[in-house]
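**Student:**
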Amino acid sequence: MNQENQLPRDADGLVGLEAWSRSFDRLYRKTDRLYYDMAHTCGLSESAYWVMYAIYASGGTATVRSLVEDCVASKQTINSALRSLEAKGLVEMSFCEGSKKSKSVALTEAGTAFADRRIAPACAAERRAFDVLDADEQAELIRLVEKYVEGVEAELARSKGADDER
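Its first residue numbered 2, the sequence shown is counted upward by one per residue in this note's numbering.
(1) Between which residues of its own chain and Ile120 is the CB-CB distance below 6 Å, once the five residues before and five after are set aside?
(2) Where does Val153 fall in DSSP's three states?
(3) Count the other CB atoms within 10 Å of the CB of Tyr29; is the residue buried (16 or more) or exposed (fewer)?
(4) Do the stretch 135-142 and the stretch 109-117 touch if we need at least three Cβ pairs shorter than 8 Å?
(5) Which residue comes first and which comes last in the alpha helix (DSSP H) that contains Lys76?
(6) Is it true that the CB of Ile79 sits closer than 9 Å to the CB of Leu91?
(7) Count the other CB atoms within 10 Å of the CB of Leu157; is the residue buried (16 or more) or exposed (fewer)?
(8) Sorted by chain position, which residues of the same chain lie with C-beta nearer than 7 Å to Asp71's C-beta, five sequence neighbours on each side aside?
(9) What does the alpha-carbon distance come out to for the pair Gly60 and Ser46?
(10) For Tyr1, does the count of other Cβ atoms within 10 angstroms reach 16, so buried, or fall short, so exposed?
(11) Measuring only the C-alpha atoms, how far is Glu141 from Glu154?
(12) Ala82: buried (16+ other C-beta within 10 angstroms of its C-beta) or exposed?
(13) Spatial neighbours of Ala63 within its chain, please: C-beta separation below 7 Å, excluding the five flanking residues on both sides.
(14) Could you work out which residue in Ala111, Glu151, Ala126 and Ala12 is closest to Lys89 when comparing CA atoms only?
(15) Please report the straight-line C-alpha distance between Cys124 and Tyr36, rounded to a whole angstrom.
(16) What's the call for Ala12, buried or exposed, on a 16-neighbour Cβ count within 10 Å?
(17) Pull up the distance between the alpha-carbon of Met2 and that of Arg10, whole angstroms please.
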């Protein structure tokens, strides 16, 4: 890494909190804000936007279980978003074949038109933005973000364990 691009470190060798707040955290929040604005421009909550995005990315149908996994949200959050989308006439829900418990969700005709108008352009913009990186950079970005997320998960679990011991 270029010397002038290195972030200042504290006595423990960790990136200083002030530098951290100005760098990665700011980028994360900026990206989050872009999607927040996009969702609200569409007239949807963030959760409903991500549910529509996931259904669209799945070819127009998905199970509630897959939406919980894909959107990294609670079942309650997904069901609330689905009720909102159903009330707008964008999705319809039915029981999965052979099940009285598992539900499937499909875009309605209006939902497909909405996704084509609002979700598809966002997906295309993301792909074009990702294509600014070469193949090695794309793989490295994914690898590093996955490593970071795993690290945060581990540290939060460790912190929770320490809190539970008190």
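Even glycine gets a Cβ: it sits at the ideal position worked out from N, Cα and C.
**Tutor:** So, to answer that:
(1) Around Ile120: Met53, Tyr54 and Tyr57.
(2) DSSP places Val153 in helix when its eight states are reduced to three.
(3) That one is exposed.
(4) Cβ pair count under 8 Å is below three, so no.
(5) Here the alpha helix (DSSP H) through Lys76 covers Lys76 to Ala88.
(6) Taking 9 Å as the Cβ cut-off, Leu91 and Ile79 do not qualify as a contacting pair.
(7) Leu157 comes out exposed.
(8) Answer for Asp71: Ala55, listed in chain order.
(9) If you take the alpha carbons of Gly60 and Ser46, they lie about 21 Å apart.
(10) Limits of the chain in this structure are 2 at one end and 167 at the other, which puts residue 1 out of reach.
(11) Looking at the two C-alpha atoms, the distance is approximately 20 Å.
(12) By the Cβ-count criterion, Ala82 is buried, with 16 or more other Cβ atoms from all chains shown falling within 10 Å of its own Cβ.
(13) Hits under 7 Å: Ala55, Ile56 and Val106.
(14) The residue from Ala111, Glu151, Ala126 and Ala12 with its alpha-carbon nearest to that of Lys89 is Ala111.
(15) C-alpha separation (whole angstroms): 12 Å.
(16) Residue burial is scored here from C-beta neighbours: Ala12 has fewer than 16 other C-beta atoms within 10 angstroms and is therefore classed as exposed.
(17) With a pLDDT of 46 at Met2, under the threshold of 50, the predicted position of this residue should be treated as unreliable, and no value is reported.
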